[in-house]
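See below for the structure under consideration.
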Amino acid sequence: MDVVAEETQQPAKGGNKEKKGSFWKELPVLIVVALVLALIIKTFVVQAFYIPSESMENTLLTNDRVLVNKLVYHTRDIERGDVVVFSGVDSWDGEFQLEEPSNPVAAFFRWVGTAFGLVPGEKDYIKRVIGVGGDHVKCCDDKGRITVNGTAINEESYLYPGNVPSDRFFNITVPPGRLWVMGDHRSVSLDSRSHQGDPGGGSIPVGQVIGRAFVIVWPFDRVTSIDIPETFAQPALNALGGSVPMVAGFGLAVPLVLVRRRWLGRKR
């Protein structure tokens with residue numbers, strides 16, 4: 440029987456120590472690269488957010504963590520029923536107050552924690568979109584329901600148990616480029632209803648929206664997707680708000696066609 444001899448190189452003395460030393464030297468670089476990549480993803484793609492208040496119960500509970508898709512609204516418009524995170528900087532007062540960090544180190548860790556959804560951001564809000572630009576949103580009809588463009592929405596699937604759709608009257612046509620937003624726990628939510636005296640009548644600018652919350656990721660026993668309730672799929676909701684651009688287009692097109700016909704008639 441032929442036996443093939445295989446030569447092996449004996450590890451040099453101290454080789455393991457060099458490898459271990461190399462690992463510890465590279466570890467800070469790996470950490471920095473990981474943080475940079477995570478921040479890039481957080482800035483442009485998806486970000487984790489901490490739920491600090493009761494305003495979205497029972498859809499979202501205090502201390503839940505959700506992932507927010509920052510790309511989705513580059514491919515489609517914001518829709519009624521979406522749960523969105525938006526910035527309230529220079530506009531809405533916080534629903535909760537955080538103490539300012541006592542020193543730069545604490546401030547840094549606060550920033551990191553906020554960036555990765557470990558602690559709440561004081562000026563970030565999470566609410567459900569009830570009306571988009573052009574919608575006529577009103578509370579309430581004779582059955583106590585909120586109406587959008589004259590059509591009642593059925594909120595039983597997400598409204599906090601025991602809450603009414605609203606204990607405050609409102610009647611607004613949402614300005615273009617803005618949104619009417621409300622928390623699911625209506626009795627404690629400081630939402631569009633609480634800011635009716637502000638510019639926009641309580642609505643928020645679309646440009647302040649950070650992204651759409653699409654899944655709960657923590658705690659593990661609450662992991663689930665955050666879907667748009669079926670009531671917002673009613674075709675009648677688009678009777679006014681969704682057709683405003685088309686109606687305006689027809690309104691401009693008809694006079695132009697008539698002018699063109701008259702001009703052609705004179706030429707003949």
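Okay, so the sequence shown: first residue is 440 according to this note's numbering, each after it adds one. Cβ coordinates follow ideal geometry from the N, Cα and C atoms, glycine included.
*Express the C-alpha separation of residue 625 and residue 564 in angstroms, rounding to a whole number.*
The residue labelled residue 564 in the question sits at position 125 within the sequence shown. The residue labelled residue 625 in the question sits at position 186 within the sequence shown. Roughly 15 Å between the two C-alpha positions.
*Limits of the beta strand (DSSP E) - the one that residue 573 falls within*: As a position in the sequence shown, residue 573 is number 134, starting the count at 1. Segment: none, residue 573 is in no beta strand (DSSP E) and carries neither H nor E.
*Please say whether residue 519 and residue 384 have beta carbons closer to each other than 8 Å?*
Since the first residue shown for the chain is 440 and the last is 707, residue 384 is missing from the structure and cannot be characterised.
*Grab me the residues of residue 591's own chain with a C-beta within less than 6 Å of its C-beta, minus the 5 sequence neighbours each way, in chain order.*
On the sequence shown, position 152 is the one that residue 591 refers to. 580, 584, listed in sequence order.
*Compare the beta carbon distance of residue 509 and residue 649 with 8 Å and say whether it is the shorter of the two.*
Here the question's residue 509 lines up with position 70 in the sequence shown. Here the question's residue 649 lines up with position 210 in the sequence shown. Yes, the pair counts as a contact, with Cβ atoms nearer than the cut-off.
*For the beta strand (DSSP E) that contains residue 526, what are its first and last residues?*
What you label residue 526 is simply residue 87 of the sequence shown in a count that begins at 1. From DSSP, the beta strand (DSSP E) with residue 526 extends over 522 to 526.
*Give the DSSP bridge partners of residue 502, in chain order.*
Position 63 of the sequence shown holds residue 502. Partner(s): none; residue 502 has no beta bridge.
*Which same chain residues, not among the five before or five after residue 645, have their C-beta less than 7 Å away from its C-beta?*
As a working mapping, residue 645 is identified with position 206 in the sequence shown. Counting only Cβ-Cβ distances below 7 Å, and skipping sequence neighbours, we find 517, 616, 617, 618.
*Paired residues, beta bridge with residue 578 - DSSP*: Against the sequence shown, residue 578 aligns to sequence position 139. Answer by DSSP bridge pairing, in chain order: 585, 609.
*If you compare alpha carbons, which of 670, 656, 497, 660 is closest to residue 506?*
By one-based count along the sequence shown, residue 506 stands at place 67. Considering only alpha carbons, the answer is 656.
_Reduced DSSP secondary structure (H/G/I, E/B, other) of residue 531_ = As a position in the sequence shown, residue 531 is number 92, starting the count at 1. Residue state, collapsed to three classes: coil.
_CA-to-CA distance, residue 461 to residue 514, given in whole angstroms_ = Along the sequence shown, read from residue 1 onward, the residue named residue 514 stands at position 75. Along the sequence shown, read from residue 1 onward, the residue named residue 461 stands at position 22. Cα to Cα, the separation comes out at about 45 Å.
*Where does residue 508 sit, in a helix, a strand or coil, going by DSSP?*
Residue 508 sits at position 69 when you count from the first residue of the sequence shown. Looking at residue 508 - three-state DSSP - the assignment turns out to be strand.
*Taking residue 652 as part of the beta strand (DSSP E), name the residues at either end of that continuous run.*
The residue you call residue 652 lines up with position 213 of the sequence shown. That run of the beta strand (DSSP E) goes 648 to 657.
*So what's residue 514 in DSSP terms, helix, strand or just coil?*
Stepping through the sequence shown from its first residue, residue 514 is reached at position 75. Residue 514 falls in the coil class under three-state DSSP.
*How far does the beta strand (DSSP E) with residue 488 in it reach, from first residue to last?*
Numbered from 1 along the sequence shown, position 49 holds the residue referred to as residue 488. Residues 485 to 489.
_CA-to-CA distance, residue 643 to residue 526, given in whole angstroms_ = The sequence position of residue 526 within the sequence shown is 87, counting from 1. The sequence position of residue 643 within the sequence shown is 204, counting from 1. In this structure, the alpha-carbon of residue 526 lies about 9 Å from that of residue 643.
*Give the DSSP bridge partners of residue 591, in chain order.*
For this step, residue 591 is matched to residue 152 along the sequence shown. 586, per the DSSP bridge assignment.
*Within 10 angstroms of its Cβ, does residue 496 collect 16 or more other Cβ (buried), or is it exposed?*
Numbered from its first residue, the sequence shown carries residue 496 at position 57. Buried is the call here.
*My understanding is that residue 596 touches residue 668, with C-beta atoms under 8 Å, so please give their C-beta distance in whole angstroms.*
Locating residue 596 in the sequence shown gives position 157, counting from the first residue. Locating residue 668 in the sequence shown gives position 229, counting from the first residue. The pair is a contact, with the Cβ atoms about 5 Å apart (cut-off 8 Å).
*Tell me residue 664's beta-bridge partners as DSSP assigns them.*
Here the question's residue 664 lines up with position 225 in the sequence shown. Residue 664 pairs with 654.
*In the DSSP assignment, find the unbroken beta strand (DSSP E) run with residue 620 in it and report its ends.*
Position 181 of the sequence shown, counted from the first residue, corresponds to residue 620. That run of the beta strand (DSSP E) goes 617 to 621.
*Within its chain, find whatever has a CB closer than 6 Å to the CB of residue 511; leave out the 5 residues flanking it on each side and keep chain order.*
As a position in the sequence shown, residue 511 is number 72, starting the count at 1. Excluding sequence neighbours, residue 511 sits near 651.
*Hey, would you say residue 654 sits closer than 8 Å to residue 613, going by beta carbons?*
Translated into positions along the sequence shown, residue 654 becomes position 215. Translated into positions along the sequence shown, residue 613 becomes position 174. In this structure, residue 613 does not lie closer than 8 Å to residue 654 by Cβ.
_Where residue 566 falls: helix, strand or coil (DSSP)_ = By 1-based counting over the sequence shown, the position of residue 566 is 127. In the structure shown, residue 566 sits in a strand (DSSP, three-state: E or B).
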